[in-house]
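Following full-length UniProt numbering, the numbering of the sequence shown begins with 1 at its first residue and continues without gaps. Here a beta-carbon is modelled for each residue, glycine too, at the ideal position from N, C-alpha and C. In what follows, a structure is listed as structure tokens, so that the remarks can point back to it.
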Amino acid sequence: MGSAVLVSSGGIGGNVDKVKAAWPVDRLGPKVPENFVIGVPAHVDGRMIDIAKGVGANVINRDRMWHYTEGLQNWDPIWPGHGIRVLPAPSSLWLDATGKRLPPFLFPGCDTLATLKHICSTGYDYTWFITDQSIVAREFALSGSEQNPDVTGKSIWQVLTQRVFSSKGTIPVQNFVKHGKDFVVADNLTDLVAKMNELISTVPGAPQLDYDKIKDVVDARDSQFDNTYSKDAQAMLIHSARTYWPDRRSRIAAPHKLLDTAKHGPLIAVRMNLLTRKTLGGIETNLKSQVMRADKTPFPGLYAAGEAAGFGGGGVHGYSSLEGTFLGGCIFSGRAAGRAMADEVLGVAEGTKP
1 MGSAVLVSSG GIGGNVDKVK AAWPVDRLGP KVPENFVIGV PAHVDGRMID IAKGVGANVI
61 NRDRMWHYTE GLQNWDPIWP GHGIRVLPAP SSLWLDATGK RLPPFLFPGC DTLATLKHIC
121 STGYDYTWFI TDQSIVAREF ALSGSEQNPD VTGKSIWQVL TQRVFSSKGT IPVQNFVKHG
181 KDFVVADNLT DLVAKMNELI STVPGAPQLD YDKIKDVVDA RDSQFDNTYS KDAQAMLIHS
241 ARTYWPDRRS RIAAPHKLLD TAKHGPLIAV RMNLLTRKTL GGIETNLKSQ VMRADKTPFP
301 GLYAAGEAAG FGGGGVHGYS SLEGTFLGGC IFSGRAAGRA MADEVLGVAE GTKP
């Protein structure tokens, strides 16, 4: 073993058993969800966190996690159970597993943790989007660099033709609609609900959806678009979001009724799974990224950075964070570790550049 060791192996999101073991039932109960799709590679399994703990490192804030509610089974997976997150805009109708509309303000793209808490309170671990071709084409974006070749390839032409002017959406979105196990497509609501029930018929304990109740919910939503003025919270959100012209032009579909299938069909239903992602707790460290023991003394020669250290300190973000702040914690804790390790191993003076 080296004279200075850095643990920067990520969190526990690739290990569903560890996610379940750490699940905060007091906040996200009443029970631990059974099923997840996995939003990080399989090697992000928490093994090094456990190894560090086994030799005396203090691990804190295990209940702090950031998981998503709009997960899809990847039809072309890179790792086992590979899940892809939908980054939705606000127009899809969001229902729980029993067909009830999620309450305000739990709309697509709004409040991840509040939505996760509500979903867990239903006793089921999936939800439904009822949407249509016009909304999917404009409002479905997918996480992952491989799902955004137009952006990663820096192709302005593809961005314009697939995101701004396309009636079908990006090629990766089209592939999910065509091949994804969580998608069903139909020309009318009767057939759509039948296909939704068929999709979950093999899931133990999954409730069958009642067509009449689904029809009432869809009609209630659609009635809010008879006029441009509405007091429905989701309709207000859609209208408000479209006042920002870039979103109006490229991200948020024009307000319309879901059952206007002649103009906006076909209808599409999407089963949304819980998707594992970030570990916000981890190995406790000090400001030099030195690993701390339970007695609050530094562990000689052992350092931790990035997600393994809760992005710094064992949980610098508390309970909430998003991608930009995650990245900042990785950079800062990694830099602190590198400087401290250089000082320990090479004797570089504090405050100088290694």
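(message) Can you tell me where the alpha helix (DSSP H) holding Thr112 begins and where it ends?
(response) Thr112 to Ser121
(request) With DSSP as the reference, label Ile252 as helix, strand or coil. (result) When secondary structure is reduced to three states using DSSP, Ile252 falls in the coil class, being assigned neither helix nor strand.
(message) Gly281 and Ile60 - do their beta-carbons sit closer together than 8 Å?
(response) yes
(request) Let me know if Ile283 comes out buried or exposed under the rule of 16 or more other beta-carbons within 10 Å of its beta-carbon. (result) buried
(request) Have a look at Ser121, Val37, Gly99 and Lys117 and flag the residue whose alpha-carbon is nearest the alpha-carbon of Pro80. (result) Val37
(request) Over the uninterrupted beta strand (DSSP E) stretch that includes Ala186, give me the two end residues. (result) Phe183 to Ala186
(message) Taking 7 Å as the limit between beta carbons, can you name the residues of its chain near Arg242, skipping five residues before and five after?
(response) Arg248 and Ile252
(request) Tell me, please, which residues DSSP counts as bridged to Tyr68. (result) DSSP output for Tyr68 lists Leu275 as bridge partner(s).
(request) May I have the straight-line CA-CA distance separating Lys31 from Thr127, to the nearest angstrom? (result) 16 Å
(request) Give the secondary structure of Phe332 by DSSP, where H, G and I count as helix, E and B as strand, and everything else as coil. (result) Of the three classes helix, strand and coil, the one that applies to Phe332 here is helix, per DSSP.
(request) Take Phe225 as the anchor and find which of Arg101, Pro255 and Ala342 has the nearest alpha-carbon. (result) Pro255
(request) Specify whether the segment 96 to 107 and the segment 287 to 306 touch according to this definition: at least 3 beta carbon pairs, one from each stretch, less than 8 Å apart. (result) no
(message) Helix, strand or coil, according to DSSP, for Thr325 in the structure here?
(response) helix
(request) Would you mind reading off the limits of the alpha helix (DSSP H) that contains Thr190? (result) Leu189 to Leu199
(message) For Met196 and Gly83, I'd like the C-alpha separation in whole angstroms.
(response) Computed Cα separation, rounded: 20 Å.
(message) Considering only DSSP beta bridges, list what Tyr126 is partnered with.
(response) Asn273
(request) Can you grab the Cα-Cα spacing for the pair Phe176 / Ala57, in whole Å? (result) The alpha-carbon atoms of Phe176 and Ala57 are separated by roughly 43 Å.
(message) Is it buried or exposed, Asp125, if we count other Cβ atoms within 10 angstroms and call 16 or more buried?
(response) buried
(message) At the 8 Å Cβ level, is Leu28 part of the contact set with chain D, yes or no?
(response) As a matter of chain content, chain D is missing from the structure shown, which is built from one protein chain.
(request) Let me know if Ala21 comes out buried or exposed under the rule of 16 or more other beta-carbons within 10 Å of its beta-carbon. (result) Flag for Ala21 reads exposed.
(message) Closest to Leu192 by C-alpha separation, out of Leu209, Trp66, Trp245 and Val203, would be which residue?
(response) Leu209
(request) Compute the Euclidean distance between the alpha carbons of Asn35 and Val19, then round it to the nearest angstrom. (result) 11 Å
(request) Ignore the nearest five residues each way along the sequence and tell me which others in Gly109's own chain have a CB closer than 8 Å to its CB. (result) Leu87, Pro88, Ala89 and Pro90
(message) Let's test the definition: count the other Cβ atoms within 10 Å of the Cβ of Glu139 and tell me whether it reaches 16, buried, or not, exposed.
(response) buried
(message) Does Asp132 come out as helix, strand or coil in the three-state DSSP assignment?
(response) DSSP places Asp132 in strand when its eight states are reduced to three.
(message) Output needed for Asp232: all residues of its chain with C-beta closer than 8 Å, excluding positions within five of it in sequence on either side, in chain order.
(response) Arg221 and Gln224
(message) Residues in the same chain with beta-carbon distance under 7 Å from Ile135, minus the five sequence neighbours each way, listed in chain order, please.
(response) Ser91, Ser92 and Ala253
(message) Can you list, in chain order, the residues of its chain with a C-beta nearer than 7 Å to that of Ala308? Leave out the 5 residues immediately preceding and following it.
(response) Val7, Ser8, Ser9, Gly10, Gly11, Met48, Ile49, Gly282 and Ile283
(request) Could you please give the first and the last residue of the uninterrupted alpha helix (DSSP H) stretch that includes Phe176? (result) Unbroken alpha helix (DSSP H) run through Phe176: Ile171 to His179.
(request) Would you decide whether Phe165 is buried or exposed? Buried here means 16 or more other CB atoms lie within 10 Å of its CB. (result) exposed
(message) Judging by CA-CA distance, which residue of Leu302, Thr285 and Leu258 is the nearest neighbour of Val316?
(response) Thr285
(request) Report the residue from Gln73, Thr161 and Tyr68 whose alpha carbon sits nearest the alpha carbon of Ala114. (result) If we check each option's Cα against that of Ala114, Tyr68 comes out closest.
(message) Check for me: the alpha helix (DSSP H) holding Asp150 runs from which residue to which?
(response) Pro149 to Thr152
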